[in-house]
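Q: This is the structure I have questions about; it appears just below.
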Amino acid sequence: MAVERTLSIIKPDATNRNLTGKINAKFEEAGLRIVAQKRIHLTKAQAGVFYAVHKERPFYDELCEFMASAPVVVQVLEGEGAIAKNRDVMGATNPADAAPGTIRAEFAESVGENSVHGSDAPETAAVEIAYFFSGLELVG
Ligand code: ATP
Ligand code: MG
């Protein structure tokens, strides 16, 4: 399995509840290394570009409002098979379906306010990392 990088976002519901440290501990315990991280407050337009793949979905406007409602922590996680590993640590989109011990099972409030985002494939990971970070900010 190759070493990969994936883009992670700790969402507003989690930053509001001071859960950044607890969520980062889950990543580190799973062997994912946080190689870049910053706290930012997205505009609704910036959130809209990030989630453009969902623009035809009924929840798109609500999702962009939510992502711009409070600060988020954007981060790059690195490790063996990091993209799939991070999705495992996150758990299913809907916390009602998330496996015990996953971030969403423990912390998410609803299918929309579900605490974390993680890239879903190598191509999306590359685009999403480049949206938030320059090469100089990735310090393995
Ligand atoms: P993410 O892309 O944030 O990592 P995901 O890949 O598990 O999540 P997607 O299907 O890509 O899920 O949906 C993107 C985000 O849109 C979800 O994480 C959630 O915040 C929101 N979302 C998805 N489905 C719904 C829904 N039915 N109602 C409200 N919000 C939703
Ligand atoms: Mg997704």
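Heads up: the sequence shown at position 37 corresponds to 36 in numbering that gives the first Met the number 0, and the numbers run straight through without jumps. Positions of the beta carbon are idealized from the N, C-alpha and C atoms, including for glycine. Bear in mind the structure is a predicted one, so any value in this text is a computation, not a measurement.
Exposed or buried, what is P99 when buried is set at 16 or more other beta-carbons lying within 10 Å of its beta-carbon?
A: Here residue 99 refers to the residue found at position 100 when the sequence shown is read from its first residue. It is exposed - the Cβ of P99 has fewer than 16 other Cβ atoms within 10 Å.
Q: Should N113 be labelled buried (16 or more other beta-carbon atoms within 10 Å of its own) or exposed?
A: The residue given as residue 113 occupies position 114 in the sequence shown. N113 is buried by the Cβ-count criterion.
Q: Answer yes or no: do A120 and K84 have a C-beta to C-beta separation smaller than 8 Å?
A: What you label residue 120 is simply residue 121 of the sequence shown in a count that begins at 1. What you label residue 84 is simply residue 85 of the sequence shown in a count that begins at 1. Contact: no.
Q: Quick test of the definition: if touching needs 3 or more C-beta pairs under 8 Å, does the segment 62-69 touch the segment 36-44?
A: yes
Q: In whole angstroms, what is the alpha-carbon distance linking A97 and L62?
A: Position 98 of the sequence shown, counting from 1, holds the residue named residue 97. Position 63 of the sequence shown, counting from 1, holds the residue named residue 62. Approximately 20 Å, taken between the alpha carbons.
Q: Give me the DSSP bridge partner(s) of S7.
A: For the purposes of this step, residue 7 is identified with residue 8 of the sequence shown, where counting begins at 1. The bridge partners DSSP lists for S7 are Q74 and G117.
Q: Any heavy atom of the ligand MG inside 7 Å of the beta-carbon of D96?
A: If you number the sequence shown from 1, residue 96 lands on position 97. Checking every heavy atom of the ligand MG against the Cβ of D96, none is found closer than 7 Å.
Q: Tell me whether V110 counts as near the ligand ATP, meaning its Cβ is closer than 7 Å to at least one heavy atom of that ligand.
A: Here residue 110 refers to the residue found at position 111 of the sequence shown. Set against 7 Å, the gap from the CB of V110 to the closest heavy atom of the ligand ATP is smaller.
Q: Among residues of its own chain, excluding the 5 on either side of H53, which ones have a beta-carbon nearer than 6 Å to its beta-carbon?
A: Position 54 of the sequence shown, counted from the first residue, corresponds to residue 53. Y59, listed in sequence order.
Q: Where do the N-terminal and C-terminal ends of the beta strand (DSSP E) with R32 fall, by residue?
A: Within the sequence shown, numbered from 1, the residue matching residue 32 stands at position 33. Its beta strand (DSSP E) spans residues R32 to I39.
Q: How should R56 be labelled, buried or exposed, when 16 other C-beta atoms within 10 angstroms of its C-beta is the threshold for buried?
A: In the sequence shown, counting from the first residue as 1, residue 56 sits at position 57. With fewer than 16 Cβ atoms within 10 Å of its Cβ, R56 is classed as exposed.
Q: Determine the direct distance from the alpha carbon of G90 to that of I8, and round the result to whole angstroms.
A: Mapped onto the sequence shown, residue 8 falls at position 9. Mapped onto the sequence shown, residue 90 falls at position 91. Going from the Cα of I8 to the Cα of G90 covers about 14 Å.
Q: Looking at the secondary structure, which residues open and close the alpha helix (DSSP H) in which K25 lies?
A: Residue 25 sits at position 26 when you count from the first residue of the sequence shown. T19 to E28 is the span of the alpha helix (DSSP H), which, as asked, contains K25.
Q: Assuming T19 and V88 make a contact with CB atoms under 8 Å, what is their CB distance in whole Å?
A: Taking the first residue of the sequence shown as position 1, residue 19 is located at position 20. Taking the first residue of the sequence shown as position 1, residue 88 is located at position 89. No, T19 and V88 are not in contact; Cβ-Cβ is about 15 Å, not under 8 Å.
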